[in-house]
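Peer 1:
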Amino acid sequence: MKIISKKGATVRHKFMKNAVFSVIFWFIAVGCTMAQNLNATVSVNSSQIQGNRQLFNTLEEQLRIFINDGKWTDTHPPAHGKIDCSFTLVVNEMSSPSSFKGELQVQARRPVPGASYKTPLLNYREPSFLFDYMEYQSLEFNPDNIPNNLVATIAFYVYLILGLDYDSTSPLGGTDCFRQMQIIASNVQSNNWSGWEAFGSERSKYAIAVAFNEPVFEDYRRMWYDYHRAGLDEMAANREKGRQKVVTSLPVISSIYDRRSNSVLVTLFGNAKLDELVNVVTDMPVHEKRAAYETLRNIYPTQTAALERLQRTNR
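Numbering of the sequence shown is given in numbering that gives the first Met the number 0, commencing with residue 0 and proceeding in unit increments.
Here is the structure:
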């Protein structure tokens, strides 16, 4: 057991207090008129790494404060309250005392009016996330001067979550957030950080930012609003009307797949919505279920578990 003297504990506490304060102070200084929009849980799993566990505990706490106390937009939280989300970081490599590699899973969900159910907005895994971190370092986000990949990546996914939520309640409501994603992705290009490639990858954060800002894919964002606001949100009052609106997402996703089969939008939609969509379609007439099954099988041929559930109900 490692024994920390009372003096050492006091010094450690002061360092931690200063690090946390630096995160909070920066956001107050630049965004005192902005709103706190997120209710995030943060988990940092370092079980595969030998050494200082306290470093990762500190990282977890600083990330939680960075995300939840950040003044990310100048809008108030949506009517359904702060957005529930989670950031799960599994650290699996340490190349130096301050350089790490891991997997980052980001998820977000929002309530459906009139139901106890929360609909997923995002379920995305970044399998190879490289970042630098020293215990007690400040986490500060300034889009014009982004200090490291850790801050850039977390801020990027925060804006993705906000944009998806705002798009789900207002037509193209997430535009400002998606523009912030594009600014981040553009401003970090000179750093050559992994995961931000402008070319050669449809899964990079740069590709995600471009997809949500390209006019050619505006139909996806309008579909996203119809799916949620005119679809799921209406099902408590009129189940059939809401269900039919949800199903109108299929032609849009199919069209995007036909135009660009490797579009990250197809991946994002499938990760977040495929199981939910299958559940909605399952209660529909057989001929409509068959049509939905054929469409989804063409777009997501490897998602056999979800599609088999739908196929079984066609008989």
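The beta carbon of each residue, even a glycine, is placed where N, CA and C say it ideally should be.
Apart from the five residues on each side of it in sequence, which residues of its chain come closer than 8 Å, Cβ to Cβ, to Thr-152?
Peer 2: So the qualifying residues of the chain are Leu-103, Glu-125, Phe-128, Phe-130, Gly-194 and Lys-204.
Peer 1: What residues are listed by DSSP as bridge partners for Phe-177?
Peer 2: Beta-bridge pairing links Phe-177 to no other residue.
Peer 1: Fully enclosed by the segment 125-198, which alpha helix (DSSP H) runs are 4 residues long or longer?
Peer 2: Correct list: 148-168 and 174-186.
Peer 1: What would DSSP say about Met-222, mapped onto helix, strand or coil?
Peer 2: Helix.
Peer 1: Buried or exposed: which applies to Phe-198, given that a residue is buried once 16 or more other Cβ atoms fall within 10 Å of its Cβ?
Peer 2: Answer is exposed; the Cβ neighbour count stays below 16.
Peer 1: Closest to Trp-192 by CA distance: which of Arg-242, Val-279 and Val-150 is it?
Peer 2: Answer by Cα proximity: Val-150.
Peer 1: Measuring CA to CA, which of Leu-267, Ile-252 and Leu-159 is closest to Arg-296?
Peer 2: Nearest of Leu-267, Ile-252 and Leu-159 to Arg-296, Cα basis: Ile-252.
Peer 1: Excluding the five sequence neighbours on either side, which residues of its own chain have a C-beta within less than 6 Å of the C-beta of Tyr-256, listed in chain order?
Peer 2: The answer, listed in chain order, is Val-265 and Ile-298.
Peer 1: What do you reckon, are the CB atoms on Val-277 and Arg-308 nearer than 8 Å?
Peer 2: Against a cut-off of 8 Å, the Cβ pair of Arg-308 and Val-277 comes out as a contact.
Peer 1: Please work out which residues of its chain come closer than 7 Å, Cβ to Cβ, to Ala-271, disregarding the five sequence neighbours upstream and downstream, and give them in chain order.
Peer 2: Cβ neighbours of Ala-271 beyond the five flanking positions: Pro-119, Leu-120, Leu-121 and Asn-122.
Peer 1: I want to know whether the segment 59-74 touches the segment 90-108 - three or more CB-CB distances under 8 Å.
Peer 2: No, because fewer than three Cβ pairs between the segment 59-74 and the segment 90-108 fall closer than 8 Å, the two stretches do not touch.
Peer 1: Reducing DSSP to helix, strand and coil, say where Thr-281 ends up.
Peer 2: Residue state, collapsed to three classes: helix.
Peer 1: Arg-220: buried (16+ other C-beta within 10 angstroms of its C-beta) or exposed?
Peer 2: When all chains shown are included, Arg-220 counts as buried.
Peer 1: Using the DSSP secondary-structure output, state which residues sit across from Gln-104 in a beta bridge.
Peer 2: Looking at the DSSP assignment, Gln-104 forms a beta bridge with Thr-87 and Arg-124.
Peer 1: Along the alpha helix (DSSP H) that carries Leu-231, what are the first and last residues, could you check?
Peer 2: It is not in any alpha helix (DSSP H) - Leu-231 carries neither H nor E in the DSSP assignment.
Peer 1: Within 10 angstroms of the Cβ of Tyr-116, are there 16 or more other Cβ atoms? Answer buried if so, exposed if not.
Peer 2: Tyr-116 comes out exposed.
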